[in-house]
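> My questions will all concern the structure given below.
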Amino acid sequence: MTSGCLVIVGGAFGDEGKGKIISYLALKNNPAVAVRGGVGPNAGHTVIYHGKTLKLRMLPCAVVNEKTELLLGAGVLVDSDVLLKEVTETGSHLRTKVDRNCAIIEKKHVEMDREGHLKSIIGTTGTGTGPANADRILRVGKLAKDEESLRPFMDNVSRRINSALDEKEMVIVEGTQGAMLSLYHGDYPYVTSKDVSASGICSDVGIGPKRVSEVIVVFKSYTTRVGSGPLEGELTPEETIKKGWQEFGSVTGRLRRAAPFNFKLAKDSVTLNSATQIGLTKLDTLFPESSRVREFTKLSTKAKKFVSEIEAELATPVVYIGTGPDTEDIIERNVASRKW
Ligand code: IMP
Ligand code: MG
């Protein structure tokens, strides 16, 4: 089995298509363990595999590989109803583990997230994550170890991942949202309630920076944003639909705001996350003739040029290219510098 620690994070405002890239990596590399960091159930990761669509808000996307253990890092906020539903739907009771120190989202947090400035000014997902993190910081939050329904899943996730790495097993670390929604590095106050850059995600799951083999930053071939905050080059909803870029939030159902690929933002994000590789999704939306193409040489000249431009501007190899919704609609390119 391949060994190494792959960290996969969103490069922009979330919804880059991380779910697709992660599920592909999980099937291809057979990781012993996949661990989710990030905020919590405000994220919605879509995985389409063998014609079946999974929308995951709590479980790691590596769920598609039945041999992979599924962990939630201590930094993650857990909505136990959402988690238990996903565990039941995917039949993954025996391989799901939750860090005992994960904080719990309670009903009152969801209520608070759906009113006042959080709803009207920030445009949050209304899933209770901001208020639950606020309680956590005030040291009045409830932890997973005190939640009866989560008792069967309790673990020390940091210890588990670090010992997997000691034993030269492969670990996939899954981020949520995107670096530009980071509480520290994004456009405050139009951000989520935590740092979601690669370093933040590693801290969530309990690994130090020297453990990481590759940081894969995922971008979509155009940019989308839900909720408030700046979006350079934003199109009108009519223009968005005309281009075929319309998308609806997987958690909220809102029409996502859209803009062309932003090279400057992407460059900042590559630096912030210390990206070693790039995953580029939805190339087929920009270049329909690339739909379901699985070899780089078979892409059109225009599509190849777009990929080369990204590599040149960001000085980072584009290793994974999504060409369709299914986990297997992907081009994986060979990279000499690969560390695993
Ligand atoms: P919150 O994370 O629900 O507090 O929302 C804060 C901001 O982050 C809002 O603009 C949300 O739309 C955005 N956001 C949070 N999670 C995601 C995500 O997974 N994808 C896209 N946007 C998100
Ligand atoms: Mg999403």
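Residue numbers (this note's numbering): 1105 to 1444. Backbone N, C-alpha and C define an ideal beta-carbon position, used for all residues, glycine too.
(1) Check whether the Cβ of N1260 sits closer than 7 Å to any heavy atom of ligand 1, and report yes or no.
(2) Nearest-angstrom Cα distance between R1264 and K1201?
(3) Would you call the region 1170 to 1183 and the region 1138 to 1147 touching, i.e. three or more CB-CB distances under 8 Å?
(4) Check whether the region 1217 to 1224 and the region 1156 to 1170 touch, using three or more Cβ-Cβ pairs below 8 Å as the test.
(5) If the criterion is Cβ atoms closer than 8 Å, does the pair A1236 and G1230 meet it?
(6) Starting from the N-terminal side, write out each stretch of the alpha helix (DSSP H) that is 4 residues or longer and does not extend beyond the region 1263 to 1343.
(7) Tell me whether F1410 sits in a helix, a strand or coil according to DSSP, three-state version.
(8) Could you tell me whether any non-hydrogen atom of ligand 1 is closer than 7 Å to the CB of N1134?
(9) Just how far apart, CA to CA, sit G1312 and T1192?
(10) In its own chain, which residues sit with a C-beta less than 8 Å from the C-beta of T1194, not counting the 5 before and 5 after it?
(11) Return yes when at least one heavy atom of ligand 1 lies under 7 Å from the C-beta of D1239, else no.
(12) Report whether the distance from the Cβ of L1285 to the nearest heavy atom of ligand 1 is below 7 Å.
(13) Candidates K1223, V1214, E1190 and G1282: which alpha carbon is nearest T1328's?
(14) How should D1299 be labelled, buried or exposed, when 16 other C-beta atoms within 10 angstroms of its C-beta is the threshold for buried?
(15) Would you kindly work out how many angstroms separate the C-alpha atoms of I1241 and L1160, rounded to a whole number?
(16) Do L1129 and I1276 have their C-beta atoms closer together than 8 Å?
(17) Give every residue of the same chain whose Cβ lies closer than 7 Å to the Cβ of I1226, excluding the five residues on either side of it in the sequence, and list them in chain order.
(18) Does the Cβ of A1416 have 16 or more other Cβ atoms within 10 Å, making it buried, or fewer, making it exposed?
(19) Thinking C-beta only, is I1125 closer than 8 Å to I1414?
(20) Decide if L1376 is buried, meaning its Cβ has at least 16 other Cβ atoms within 10 Å, or exposed.
(21) Fully enclosed by the region 1351 to 1378, which beta strand (DSSP E) runs are 3 residues long or longer?
(22) Taking DSSP as the reference, what is the three-state secondary structure of K1159?
(23) What are the boundary residues of the beta strand (DSSP E) that includes I1123?
(24) Taking the straight line between their C-alpha atoms, what separation do you get for I1209 and E1251?
(25) How is L1387 classed by DSSP in three states: helix, strand or coil?
(26) Considering only C-alpha positions, which residue in the set K1272, G1290, V1322 and S1373 is nearest to V1422?
(27) Within the present structure, is the beta-carbon of G1333 separated from the nearest heavy atom of ligand 1 by less than 7 Å?
(28) Below 7 Å, is the gap between the Cβ of D1430 and the nearest heavy atom of ligand 2?
(29) Determine the DSSP secondary structure at A1238, reduced to helix, strand or coil.
(30) State the beta-bridge partners of T1431 as determined by DSSP.
(31) Here's a check: name, in chain order, each residue in its chain whose Cβ is nearer than 6 Å to the Cβ of D1388, leaving out the five neighbours to either side.
(32) Return the Cβ separation of Y1326 and G1383 in integer angstroms, given the expectation that the two are a contact with Cβ distance under 8 Å.
(33) Drop a sphere of 10 angstroms on the beta-carbon of H1197, count the other beta-carbons inside from all chains shown, and report buried for 16 or more, exposed for fewer.
Considering the structure as presented:
(1) Using a cutoff of 7 Å, the CB of N1260 does not count as near ligand 1, since none of the ligand's heavy atoms is closer than that.
(2) Computed Cα separation, rounded: 10 Å.
(3) The way I'd put it, the region 1170 to 1183 does touch the region 1138 to 1147; three or more beta-carbon pairs between them come closer than 8 Å.
(4) The region 1217 to 1224 vs the region 1156 to 1170: no contact.
(5) No.
(6) Runs found: 1302 to 1309.
(7) Reduced to three states, the DSSP call for F1410 is helix.
(8) Checking every heavy atom of ligand 1 against the Cβ of N1134, none is found closer than 7 Å.
(9) So the two alpha carbons sit approximately 32 Å from each other.
(10) A distance below 8 Å between beta-carbons, with the five flanking residues on each side excluded, links T1194 to the following residues of its chain, in chain order: L1158, L1163 and V1167.
(11) Look at D1239: its beta carbon is at least 7 Å from all of the heavy atoms in ligand 1.
(12) At least one heavy atom of ligand 1 lies less than 7 Å from the C-beta of L1285.
(13) Selected option, being the one with the closest Cα: G1282.
(14) Result: buried.
(15) Spanning the two alpha carbons is a distance of roughly 26 Å.
(16) Their beta carbons are under 8 Å apart, which means L1129 touches I1276 by this criterion.
(17) Counting only Cβ-Cβ distances below 7 Å, and skipping sequence neighbours, we find P1293, Y1294, G1331 and S1332.
(18) That one is exposed.
(19) No; because the gap between Cβ atoms is not below 8 Å, this pair is not in contact.
(20) Its Cβ being crowded by 16 or more others within 10 Å, L1376 is buried.
(21) Listed in chain order, the complete beta strand (DSSP E) runs (minimum 3 residues) inside the region 1351 to 1378 are 1361 to 1364.
(22) In the three-state scheme derived from DSSP, where H, G and I count as helix and E and B as strand, K1159 is classed as strand.
(23) The question names Ile, but residue 1123 is Gly in the sequence shown. Taken as a continuous stretch (DSSP letters only), G1123 belongs to no beta strand (DSSP E), being part of the alpha helix (DSSP H) at K1122 to N1133.
(24) I1209 and E1251 have their C-alpha atoms roughly 11 Å apart.
(25) Note: L1387 maps to helix in three-state DSSP.
(26) Checked all of K1272, G1290, V1322 and S1373; the closest Cα to V1422 is V1322.
(27) Yes - ligand 1 has a heavy atom lying nearer than 7 Å to the Cβ of G1333.
(28) D1430: no, Cβ never under 7 Å from ligand 2.
(29) Assignment of A1238 by DSSP, reduced to helix, strand and coil, places it in the helix class.
(30) Residue pairing from DSSP leaves T1431 without any beta-bridge partner.
(31) Closer than 6 Å at Cβ, skipping near neighbours: S1394, S1395, T1427 and G1428.
(32) About 15 Å separates the two Cβ atoms, so there is no contact after all.
(33) Looking at its Cβ environment, which holds fewer than 16 other Cβ atoms inside 10 Å, H1197 is exposed.
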